[in-house]
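What follows is one structure encoded as structure tokens, with my remarks underneath.
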Amino acid sequence: MATNLVLQVEGMSCNHCVNSVENAVRALNGADTVKVNLEAGTVEVAYNEDIVNDQQIKDAIEEQGYDVK
């Protein structure tokens, strides 16, 4: 069963940002789907919490240079 997480992310301004965030989160084992809403500044992730946790997802986004609030 997937757990859904919606994060506020600052610093995303273009499609390159969207691709960077989506690719970083998708690279995590256990992340099922990733959907970035550039206008709203949100990242929605469905993930298997038995494999990956929300902090790992936040860290993956922050490692790309964005601020997770």
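Quick note on numbering: the UniProt record's numbering labels position 33 of the sequence shown as 33, and the sequence is numbered without any gaps.
All residues carry an ideal CB built from backbone N, CA and C; glycine is no exception.
Item	Value
Rounded to the nearest angstrom, how far is the Cβ of Thr42 from that of Val9, given a contact under 8 Å?	7 Å
Report yes or no: is there a C-beta of chain D within less than 9 Å of the C-beta of Val18?	Absent here is chain D; the protein component of the structure consists of one chain.
Among the residues of its own chain, which have a CB less than 6 Å from the CB of Val6, if the five just before and after it don't count?	Thr42 and Glu44
Can you tell me the Cα-Cα spacing of Val15 and Asp59, whole angstroms?	In the sequence on display, residue 15 carries Asn and not Val. Looking at the two C-alpha atoms, the distance is approximately 20 Å.
Specify, as a first and last residue, the run of the beta strand (DSSP E) that Ala46 falls within.	Thr42 to Tyr47
Report yes if the CB atom of Ala31 is closer than 9 Å to the CB atom of Ile57, and no otherwise.	yes
Please go through the UniProt domain "HMA" (3–69) and give each complete alpha helix (DSSP H) segment of 4 or more residues, from N-terminal end onward.	15–26 and 54–62
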